[in-house]
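Position 7, counted from 1, in the sequence shown is what my numbering calls 7; the numbers after and before it change by one each time, with no gaps. Cβ atoms here follow ideal geometry from the backbone N, Cα and C, with glycine treated the same way. Since the structure is predicted, the reported quantities are computational estimates derived from the model, not experimental observations. Read through the structure below, which is laid out as structure tokens, and then see the notes.
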Amino acid sequence: MIPGVDVSHWQVEIDWSEAKRAGVKFAFLKATEFPDKKTTLYIDERLYENIQGCAENGIYWSAYHFFRTHIDPIIQAQVFVETVGQFTSLPPVLDLEVAGSKGEKLNLKVQQFLGEVERLTNRKPIIYTSGGFWRSYMMYEKRIHADWAREYPLWMAQYTTLWPTPLYPWAGWDFWQYSDKGTLPGFKTHMDLNWFNGSEEELVARFDVGNGAYTLPAAALASEEEADAALEAEEADAKLLEFESMKRVDLNYRGDYQEPSQGGKRYFASGRRPKEYMIPTGQPAAHSRMSSEERRWVRSYFIDKAVRQGS
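Take a look at the structure:
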């Protein structure tokens, strides 16, 4: 068996050359996720530097998508592949450990995701899961067999020093995550430790591993103009917050506020703002003039903003 790790931004900056010297042969890297009950895509802030670090140091790599059920699985697959770009080493990975549904409904969503990823990459994805999750949610306490999963490689999570328990419908496992408290040179924090069930030669042959060379995808190459636009949007957010605070302090404040360039409607769940939300210049901005609906929309803005800042 050969050793590997899986990491995300929680491992902060990694010295992949040190990791290579310590014996790390492969790495699974967090790529994307749609946080619970949110529709905003999260891209792991260390994804691209981790891929490049692995590629430059001859470490076999792949990236994984943390699966959620509240977003269309086809969309999840598409943004995952678009974000990572070319999988030139190990195949893409589905991280399956949180359920918003179970049984046949969850099976269908997972199959749709896997099928779309395979269509886009021409590579059969790896499934990451634990025995407890798989039996409880995918097999739904043995009500469903989920035999279709047998055709996909299994990366199994089971924290034990013993051989992992067999998981139906697989005859065995390809990767085994056996600890979440690893310590290795090149890492500043603990990380997950894994084994591949075979030799390095068998790994390369089993997954038709390429040379691992990596070029940033178009999705990662933001222009300076886009960066400036993002900065302006943040400044507009700050200005709106300041404006709202001033209204609360001085009900007779006469504002000269300019609406955010990218439009405030993106912050509201319904995709629209109250028609009279923006107070015309030179008129009192007293709260007494706002309807209950308008106040709900204002409140939703700040709740959403707080969630985004805290995520």
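Excluding the 5 residues flanking it on each side, residue 125 has same chain C-beta neighbours closer than 7 angstroms at 91, 92, 93, 94, 114, 117, 118 and 152, in chain order. Cβ atoms of residue 22 and residue 185 come within 8 angstroms of each other, at about 4 angstroms.
Counting along the chain, residue 118 sits inside the alpha helix (DSSP H) bounded by residues 104-121. Residue 59 is positioned such that its CB atom lies closer than 8 angstroms to that of residue 20. Bounds of the alpha helix (DSSP H) holding residue 20 are 16-21.
By the neighbour-count definition (other C-beta atoms within 10 Å, threshold 16), residue 142 is an exposed residue. Across the set 89, 61, 3 and 176, the C-alpha of 176 shows the shortest separation from the C-alpha of residue 130.
Counting along the chain, the unbroken beta strand (DSSP E) around residue 182 starts and ends at 175-182. Spatial neighbours of residue 36 in its own chain (CB-CB distance under 7 angstroms, excluding positions within 5 residues in sequence) are listed in chain order as 68. Following the DSSP letters along the chain, one finds residue 4 inside the beta strand (DSSP E) bounded by residues 2-7.
In this structure, residue 88 lies near residue 210, with their beta-carbon atoms less than 8 angstroms apart.
Residue 33 is bridged by DSSP to 42 and 66. Nearest C-alpha to residue 146 among 183, 98, 40 and 102: 102. Of 127, 160 and 73, the smallest CA-CA separation from residue 62 is found for 127. Residue pairing by DSSP puts residue 154 in a beta bridge opposite 127. The beta carbon of residue 217 is closer than 8 angstroms to those of 82, 83, 84, 85 and 86 in its chain, skipping five residues each way along the sequence. Looking only at 148, 233, 137 and 53, the smallest Cα-Cα distance to residue 112 is reached by 148. Bounds of the beta strand (DSSP E) holding residue 193 are 191-196. The Cβ atoms of residue 66 and residue 25 lie no closer than 8 angstroms to each other. In terms of Cβ geometry, residue 1 and residue 196 form a close pair [threshold 8 angstroms].
Among the bridge pairs identified by DSSP, residue 170 is matched with none.
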